[in-house]
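In the numbering used here, the protein residues as written are 250 to 506.
Worksheet for the structure shown next.
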Ligand code: PGA
């Protein structure tokens with residue numbers, strides 16, 4: 250199930266950082282780093298920055314996305330944003346199920362599943378995050394937890410819809426901590442995820458299915474991670490806030506590609 254033809258993707262996740270002016274300038278700079286680059290480059294910005302960032306990205310290869318979405322098309326959901334609203338603002342993808350959403354905002358896999366379904370029905374590419382906590386990792390429960398998250402989050406999703414889903418394996422113990430899964434660990438876990446997809450959605454779907462790694466990715470560990478045949482790209486938090494660092498990671502991706 251090694252698949253040298255899968256594209257590589259590097260996505261920045263800004264979380265709750267920056268301003269509209271900063272987003273515009275950053276995206277213009279990022280477009281330069283991403284041009285003539287074989288890697289698909291995207292930036293998940295806060296809701297308020299989607300429209301200006303998408304405007305700055307117009308005509309470039311940079312994709313702009315959101316970090317969360319609500320599953321309903323509209324209605325009395327104070328403070329929430331729908332898939333159509335994201336598309337209207339210029340987003341082409343959305344991160345769903347980030348561990349911060351799961352832990353701090355109590356999103357469970359069945360809620361995440363409803364969000365994934367809405368995003369796919371509305372034509373938004375989905376970056377689905379899964380990951381185990383330190384406790385689960387130490388108790389050797391990683392595969393069981395990931396299997397559970399994957400199967401519940403993707404329940405009812407058809408094989409042809411999976412083309413629009415990118416999985417991001419983000420061990421919770423590695424996010425923002427400076428601890429990273431070793432490249433070998435990432436390789437092993439990604440292979441397990443791909444096998445789970447193969448068993449449930451078929452080998453061909455699994456061969457094309459992209460799996461990114463996230464959790465304390467920096468310019469000095471990106472290369473070793475991207476060299477793994479099962480690592481199709483990166484989801485980068487802290488290191489995507491500085492244009493120079495993020496551009497460097499993209500250049501590494503282009504070299505390893
Ligand atoms: P980090 O965040 O790179 O700062 O660890 C990754 C993420 O949460 O997506």
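Where is the CB? At the ideal position from N, CA and C, for every residue including glycine.
Minimum Cα-Cα distance from residue 334 among the listed residues 456, 314, 360, 259 corresponds to 314.
Counting along the chain, no beta strand (DSSP E) covers residue 398; the unbroken alpha helix (DSSP H) around it starts and ends at 391 to 402. Counting along the chain, no alpha helix (DSSP H) covers residue 255, and no H or E run does either. Short of 8 Å from the beta carbon of residue 280, and not among the five residues preceding or following it, lie these beta carbons of its own chain, in chain order: 305, 306, 309, 310, 311. Looking at the DSSP output, residue 474 shares a beta bridge with no other residue.
Listed in chain order, the beta strand (DSSP E) elements of length 3 or more contained wholly in the segment 276 to 316 are 289 to 293, 311 to 315. For residue 292, the number of other beta carbons within 10 angstroms of its own is at least 16, and it is reported as buried. Around the beta carbon of residue 415, 16 or more other beta carbons sit within 10 angstroms, so the residue counts as buried. Out of 379, 359, 455, the CA that lies nearest to the CA of residue 392 is found in 379. If the five residues before and after residue 338 are omitted, its C-beta is found closer than 7 Å to the C-beta atoms of 299, 300, 303, all from its own chain and listed in chain order. In summary, residue 353 is exposed, with fewer than 16 beta-carbon neighbours lying within 10 Å of its beta-carbon over all protein chains present. Rounded to the nearest whole angstrom, the CA to CA distance from residue 351 to residue 398 is 11 Å.
Residue pairing from DSSP places residue 378 in a beta bridge opposite 417. DSSP places residue 331 within a strand segment (E or B) once states are collapsed to three. Collapsing the DSSP output to three states places residue 441 in a helix. For residue 406, there is no enclosing beta strand (DSSP E), as DSSP marks it with neither H nor E. Rounded to whole angstroms, the gap between the alpha carbons of residue 255 and residue 458 is 8 Å. In the DSSP assignment, residue 485 forms a beta bridge with 261.
Under the DSSP assignment, residue 451 falls outside any beta strand (DSSP E); it carries neither an H nor an E label. Judged by DSSP secondary structure, residue 463 falls outside any alpha helix (DSSP H) and instead within the beta strand (DSSP E) spanning 459 to 463. Residue burial annotation: residue 370 is exposed, with fewer than 16 other C-beta atoms found within 10 angstroms of its C-beta.
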